[in-house]
Amino acid sequence: RDEAAAVVDEVGRALLTTYGLRSLSPADPAYHGEYGGDPIHRDRAYHQGPAWAWLAGAYAEAYHRVYWDLEGARSLLRPFEHHLRDAGLGTISEIFEGDPPHRPRGAIAQAWSVGEVLRVWRALERA
Numbered sequence: 001r002d003e004a005a006a007v008v009d010e011v012g013r014a015l016l017t018t019y020g021l022r023s024l025s026p027a028d029p030a031y032h033g034e035y036g037g038d039p040i041h042r043d044r045a046y047h048q049g050p051a052w053a054w055l056a057g058a059y060a061e062a063y064h065r066v067y068w069d070l071e072g073a074r075s076l077l078r079p080f081e082h083h084l085r086d087a088g089l090g091t092i093s094e095i096f097e098g099d100p101p102h103r104p105r106g107a108i109a110q111a112w113s114v115g116e117v118l119r120v121w122r123a124l125e126r127a
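In terms of the UniProt record's numbering, the sequence shown opens at residue 1 and continues consecutively.
The structure is reproduced here in structure tokens:
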């Protein structure tokens, strides 16, 4: 249990954003906090720092399993309620920039983002 809590805490400290987990820590020299530019620049940054929305679900679930803090776990998913009315109506973007304000990027409607956030939201409702 202590090891699991240590992992959840470190992931939260190093990778957690408002809209998911970064693919790389800002402390890493290869980190790219912004996602934009031409296709070559976007491809270079794709796995070097953007936050992946679908990982918010896995992190919220792990947080709940470790701490049994239902409200804390739900709070990790709440920003998506606003986002559902933001970039693509009723859906969740593929990725978000790693740096604040974590602008939505990539596909405006990504099935794995929607599916995982909704799966964990429902699981937390039943917890």
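C-beta atoms are modelled at their ideal positions from N, C-alpha and C, and glycine is treated no differently.
It should be emphasised that the depicted structure is a prediction, and the values quoted were computed from it without experimental measurement.
Next item on the list: Using 10 angstroms around the beta-carbon of residue 95, count the other beta-carbons present and answer buried if the total reaches 16, otherwise exposed.
Entry: Only buried fits residue 95, as 16 or more other CB atoms lie within 10 angstroms of its CB.
Next item on the list: Kindly confirm or deny that the region 51-67 and the region 115-123 touch, where touching means at least three C-beta pairs closer than 8 Å.
Entry: Touching, per the Cβ criterion.
Item checked: Limits of the unbroken alpha helix (DSSP H) element including residue 22 -> Here residue 22 belongs to no alpha helix (DSSP H); instead the beta strand (DSSP E) covers 20-22.
Next item on the list: Pull up the distance between the alpha-carbon of residue 124 and that of residue 67, whole angstroms please.
Entry: Looking at the two C-alpha atoms, the distance is approximately 13 Å.
Notebook entry, point to check: Which residues mark the beginning and the end of the alpha helix (DSSP H) in which residue 32 is found?
Noted result: No alpha helix (DSSP H) contains residue 32, which DSSP labels as neither H nor E.
Notebook entry, point to check: Rounded to a whole number of angstroms, what is the C-alpha to C-alpha distance between residue 97 and residue 127?
Noted result: Spanning the two alpha carbons is a distance of roughly 31 Å.
Note to self: Going by DSSP in three states, residue 51 sits in which element: helix, strand or coil?
What the structure shows: Three-state DSSP puts residue 51 in a strand.
Notebook entry, point to check: Less than 9 Å separating the beta-carbons of residue 93 and residue 107?
Noted result: Cβ atoms of residue 93 and residue 107: closer than 9 Å.
Item checked: Collapsed DSSP secondary structure at residue 104 in the structure displayed -> Residue 104: strand per DSSP, three-state reduction.
Item checked: Burial state of residue 85 (16 or more Cβ within 10 Å) -> Label assigned to residue 85: exposed.
Note to self: Need the endpoints of the alpha helix (DSSP H) that residue 79 sits in, please.
What the structure shows: Run containing residue 79: 79-83, per the alpha helix (DSSP H) assignment.
Next item on the list: In the DSSP assignment, find the unbroken alpha helix (DSSP H) run with residue 39 in it and report its ends.
Entry: It spans 39-45 - the alpha helix (DSSP H) in which residue 39 sits, taken as one unbroken run.
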